[in-house]
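Chemist: Protein chains in written order, with my numbering: chain A, 1 to 187; chain B, 188 to 374. Ideal Cβ positions, reconstructed from N, Cα and C, are used throughout, including at glycine. Since this is a predicted model, take the numbers as computed values, not measurements. After the structure tokens below, expect a handful of questions from me.
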DNA sequence: AGCAAACATGTAATTAATTACATGTTTTAA
DNA sequence: TTAAAACATGTAATTAATTACATGTTTGCT
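Right, dumping it as structure tokens:
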């Protein structure tokens, strides 16, 4: 959103900008690093591809909320380390402090497929449940393993409490999804 | 997606089309009715506005997957009752039978805000948790009440098993979200 | 030495989704 | 009776997100 008089602003509802500010607040990093964060630590709660990240970094920089420093890795691999400006930090704080009064819209294709089958004894249901069970069970194990390796001791938890929180939440969510599926699975 | 030679097709990944086919398979209905379904029975698992629904109905009709009948309510209120064609039903069945091997991307702005706060004792955390607790508690009560009114007896559950399933799943999800919040709430 | 995977950055094209614009009818409650 | 809410259908404009295109470097393995 480019508003009047060439001043760059971005719609208040665009969450990606705030998430990028939040990540950069944790530590200055490159677009590539941000893209990895969307696949790993925060991937359970937001997703963005590099094709969305790089343009957003430019917009945030044009808006004066972040700056970058050019560095070179090895002989000539160019990197851009982005950092929050005071303006950017203010904007981040304002977003975090602002209430989040809407329920996040959830989408779940699988549940809708079940819904459309309707008949409780349709022979397709059990194989579908088994497939989903395996999928979510695998994901759960993956998350649990990450918790074990990343948060081996209490000290690490306190140091990166936010990270611990979201991983815990993701594990809880996945655990209950698996339990819900199991409940309808015939042994 | 309009492909070669003017034949209308829609990208295979576009889920909205299948969901509309699924809803029309349950019973012929209008675009307006579909929009309400996205706010009520399936609103916990997919969302679409009427501005997305009406164009999709036209595309599905052009593709020969649905047809409509013009009716008039009262004196002159025009309605279009849409119905699945055999082609449409085939496509629906194919989609339902097809595996759903991807984990649905979840987004949760609130959890990310917590993540960005990081410090376990930040004074902003408790009010934020309370706000979310109230929001999700209210939603949970709303869902539970719907289950009570819609599925008063066993017979109704069997008759609309799919509907019961997704409502049950939505209630479970909300219950555990509320429990997770409560766990971090100081009394 | 050579090859694949990971690192690193960008743009273009397309599709999905939201928000706003636009119009008219019927029902319900004050 | 009259005003608001719900019924009903559409399009336009914008924004968000995905997929595809495009290029080059560095690391790690065989």
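Round the Cβ separation of residue 161/A and residue 305/B to the nearest angstrom and send it over; I've been treating them as touching at under 8 Å.
Modeler: What you label residue 161/A is simply residue 161 of the first chain in a count that begins at 1. What you label residue 305/B is simply residue 118 of the second chain in a count that begins at 1. Their Cβ separation, rounded to whole angstroms, is 6 Å, which keeps residue 161/A and residue 305/B in contact under 8 Å.
Chemist: So with CB distances below 7 Å, who are the chain A contacts of residue 307/B?
Modeler: Translated into positions along the second chain, residue 307/B becomes position 120. 158, 161, listed in chain order.
Chemist: Could you tell me how far apart the beta carbons of residue 406/B and residue 279/B are, in whole angstroms, since I believe they sit closer than 8 Å?
Modeler: Because chain B in this structure spans residues 188 to 374, residue 406/B falls outside the shown range and cannot be described.
Chemist: Determine the direct distance from the alpha carbon of residue 108/A to that of residue 202/B, and round the result to whole angstroms.
Modeler: What you label residue 202/B is simply residue 15 of the second chain in a count that begins at 1. What you label residue 108/A is simply residue 108 of the first chain in a count that begins at 1. Cα to Cα, the separation comes out at about 10 Å.
Chemist: Can you list, in chain order, the residues of the region 103-117 of chain A whose Cβ is nearer than 9 Å to any Cβ on chain B?
Modeler: Residues 103, 104, 105, 106, 107, 108, 109, 110, 111, 112, 113, 114, 115, 116, 117.
Chemist: Nearest to residue 248/B by CA position, among 235/B, 231/B, 272/B, is which residue?
Modeler: Numbered from 1 along the second chain, position 61 holds the residue referred to as residue 248/B. Between residue 248/B and the set 235/B, 231/B, 272/B, the nearest pair of CA atoms involves 272/B.
Chemist: To the nearest angstrom, how far is it from the Cα of residue 151/A to the Cα of residue 266/B?
Modeler: As a position in the first chain, residue 151/A is number 151, starting the count at 1. As a position in the second chain, residue 266/B is number 79, starting the count at 1. In a straight line, the C-alpha of residue 151/A is about 59 Å away from that of residue 266/B.
Chemist: Please identify the residue among 39/A, 30/A, 123/A, 133/A whose C-alpha is closest to the C-alpha of residue 176/A.
Modeler: Taking the first residue of the first chain as position 1, residue 176/A is located at position 176. When each option's Cα is compared against that of residue 176/A, the closest is 133/A.
Chemist: At what residues does the beta strand (DSSP E) containing residue 265/B begin and finish?
Modeler: Position 78 of the second chain, counted from the first residue, corresponds to residue 265/B. Counting along the chain, the beta strand (DSSP E) containing residue 265/B begins and ends at 264-271.
Chemist: With a threshold of 7 Å between beta carbons, is residue 206/B in contact with chain A?
Modeler: What you label residue 206/B is simply residue 19 of the second chain in a count that begins at 1. So, interface residue.
Chemist: By how many angstroms is the C-alpha of residue 87/A removed from the C-alpha of residue 71/A?
Modeler: Along the first chain, one-based indexing puts residue 71/A at 71. Along the first chain, one-based indexing puts residue 87/A at 87. If you take the alpha carbons of residue 71/A and residue 87/A, they lie about 23 Å apart.
Chemist: I want to verify the contact list: residues of chain A whose CB lies under 8 Å from the CB of residue 353/B, in sequence order.
Modeler: Against the second chain, residue 353/B aligns to sequence position 166. What residue 353/B touches in chain A: 111, 112, 114, 115.
Chemist: What is the C-beta distance between residue 227/B and residue 276/B, in whole angstroms, given that I count them as a contact (C-beta under 8 Å)?
Modeler: Along the second chain, one-based indexing puts residue 227/B at 40. Along the second chain, one-based indexing puts residue 276/B at 89. With 8 Å as the limit, residue 227/B and residue 276/B do not qualify as a contact, their Cβ atoms being about 24 Å apart.
Chemist: Is the shortest distance between the beta-carbon of residue 359/B and the beta-carbons of chain A less than 7 Å?
Modeler: Within the second chain, the letter at position 172 stands for residue 359/B. By this cut-off, residue 359/B is an interface position.
Chemist: Report back the beta-carbon spacing between residue 46/A and residue 299/B to the nearest angstrom; my notes put them in contact at under 8 Å.
Modeler: Position 46 of the first chain, counted from the first residue, corresponds to residue 46/A. Position 112 of the second chain, counted from the first residue, corresponds to residue 299/B. The pair is a contact, with the Cβ atoms about 6 Å apart (cut-off 8 Å).
Chemist: Taking the alpha-carbon positions, what's the residue 209/A to residue 67/A distance?
Modeler: Since the first residue shown for chain A is 1 and the last is 187, residue 209/A is missing from the structure and cannot be characterised.
Chemist: With a threshold of 7 Å between beta carbons, is residue 151/A in contact with chain B?
Modeler: Along the first chain, read from residue 1 onward, the residue named residue 151/A stands at position 151. By this cut-off, residue 151/A is not an interface position.
Chemist: From the DSSP secondary-structure annotation, give me the bridge partner or partners of residue 72/A.
Modeler: Counting from 1 along the first chain, the entry for residue 72/A is found at position 72. Answer by DSSP bridge pairing, in chain order: 78/A.
Chemist: Against chain B, with Cβ distances strictly below 7 Å, would residue 142/A count as a contact?
Modeler: By 1-based counting over the first chain, the position of residue 142/A is 142. It does not: the Cβ of residue 142/A has no partner Cβ on chain B nearer than 7 Å.
Chemist: For residue 254/B, which of helix, strand or coil comes out of DSSP?
Modeler: Position 67 of the second chain holds residue 254/B. Residue 254/B: strand per DSSP, three-state reduction.
Chemist: Would you tell me roughly how many angstroms separate the C-alpha atoms of residue 222/B and residue 239/B, rounded to the nearest one?
Modeler: Here the question's residue 222/B lines up with position 35 in the second chain. Here the question's residue 239/B lines up with position 52 in the second chain. The alpha-carbon atoms of residue 222/B and residue 239/B are separated by roughly 9 Å.
Chemist: With 16 as the cutoff for other CB atoms within 10 Å, does residue 114/A come out buried or exposed?
Modeler: Taking the first residue of the first chain as 1, we reach residue 114/A at position 114. So residue 114/A counts as buried.
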